[in-house]
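If you use UniProt numbering, the sequence shown corresponds to residues 1 to 123, in order. Built from N, CA and C at the ideal position, the CB exists for glycine as well. Since this is a predicted model, take the numbers as computed values, not measurements. Read through the structure below, which is laid out as structure tokens, and then see the notes.
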Amino acid sequence: MSKFIDTNTLGKLGTLTQTEADAAPFGIVKVDNNGKILLYNKYESELANVPIQTAVGKNFFTEVAICTNNRIFYGRFKEGMINGDLDIAFNYVFTYKMKPTNVVIHLYHDKSSDSNWIFVKLR
């Protein structure tokens, strides 16, 4: 599974602004260790049909993208949190509040800024 996030983007996650995130050609969601959304970009908002202001502050797995609250997606996130090593990419199909949508997911923990990221790209 190829990871589609370039090292330049990964290197600036600690200072990534909403404007920079909105300019990205893929979904960017920053979550805390429990899955609460701290940043939600325009691409992801349009893909999921969830307004940015509605998503921020809610739990990604249980309130916004409920179809991810399973072993395949949330389980991998939790496992990465426990192990202190989250950097995994996998194919997934979003089904919540939308027609089935094939995507590539990249879950990532940025050690330098101690932040968690969910990247989404259509495939």
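Whole-angstrom C-beta distance between residue j and residue i, which should lie under 8 Å
| i | j | result |
| --- | --- | --- |
| residue 60 | residue 29 | 6 Å |
| residue 71 | residue 88 | Contact doesn't hold; Cβ gap of about 13 Å is too wide. |
| residue 14 | residue 115 | 7 Å |
| residue 106 | residue 3 | 5 Å |
Alpha-carbon spacing of residue i relative to residue j, whole angstroms
| i | j | result |
| --- | --- | --- |
| residue 32 | residue 81 | 10 Å |
| residue 21 | residue 41 | 6 Å |
| residue 37 | residue 100 | 23 Å |
| residue 16 | residue 39 | 9 Å |
| residue 112 | residue 95 | 33 Å |
| residue 6 | residue 122 | 16 Å |
| residue 23 | residue 83 | 32 Å |
| residue 55 | residue 64 | 6 Å |
| residue 79 | residue 91 | 17 Å |
| residue 18 | residue 58 | 17 Å |
| residue 25 | residue 51 | 17 Å |
Where the alpha helix (DSSP H) containing residue i begins and where it ends
| i | result |
| --- | --- |
| residue 68 | First-last for residue 68: undefined, no H or E at that position. |
| residue 159 | The chain is shown only over 1 to 123; residue 159 falls outside these bounds and no answer can be derived. |
Option in the options with minimal Cα separation from residue i
| i | options | result |
| --- | --- | --- |
| residue 119 | 43, 8, 34, 11 | 43 |
| residue 34 | 48, 11, 19, 62 | 62 |
| residue 109 | 57, 93, 86 | 86 |
| residue 69 | 52, 8, 93 | 93 |
Segment limits, beta strand (DSSP E) that includes residue i
| i | result |
| --- | --- |
| residue 87 | 87-94 |
| residue 119 | 115-122 |
| residue 107 | 101-110 |
Check: residue i C-beta below 7 Å from any heavy atom of the ligand SAH
| i | result |
| --- | --- |
| residue 51 | Annotation note on the ligand SAH: not contained in the displayed structure, which lists no ligands. |
Below-8 Å beta-carbon distance, residue i vs any chain C residue
| i | result |
| --- | --- |
| residue 55 | Absent here is chain C; the protein component of the structure consists of one chain. |
Please go through the stretch 18-77 and give each complete beta strand (DSSP E) segment of 3 or more residues, from N-terminal end onward. 27-31, 37-40
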